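Contents: one structure, followed by commentary.
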């Protein structure tokens with residue numbers, strides 16, 4: 006969560022995970038961050054997080 010808190014307007018990053026991070030996505034929604042998730046062919050998940 007430190008990396009998310011350090012984002013400045015217009016910045017973002019990509020997380021590569023082994024499963025969908027539902028609790029994190031709820032926190033991002035609550036705190037007003039934009040995010041997009043994509044499940045890859047191997048089952049891993051890419052989550053792009055952007056500061057609004």
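In this note's numbering, the protein residues as written are 6 to 57.
Just so you know, even glycine gets a beta-carbon here, dropped at the ideal spot from N, CA and C.
Here the structure is a predicted model, which means the values were calculated and not measured.
Exercise for review: For the alpha helix (DSSP H) holding residue 32, just list the boundary residues, first then last.
Suggested key: Counting along the chain, the alpha helix (DSSP H) containing residue 32 begins and ends at 27 to 36.
Review point. Using the C-alpha atoms, what's the distance from residue 47 back to residue 9?
Key: Those two C-alpha atoms are separated by around 26 Å.
Check your understanding: Would DSSP call residue 7 helix, strand or coil?
Key -> Three-state result, residue 7: helix.
Review point. Where residue 18 and residue 31 are concerned, what is the direct C-alpha to C-alpha distance, given to the nearest angstrom?
Key: A straight-line Cα-Cα distance of about 17 Å links residue 18 and residue 31.
Practice item. Within its chain, find whatever has a CB closer than 7 Å to the CB of residue 59; leave out the 5 residues flanking it on each side and keep chain order. Key: Residue 59 is absent from the structure shown; the chain starts at 6 and stops at 57.
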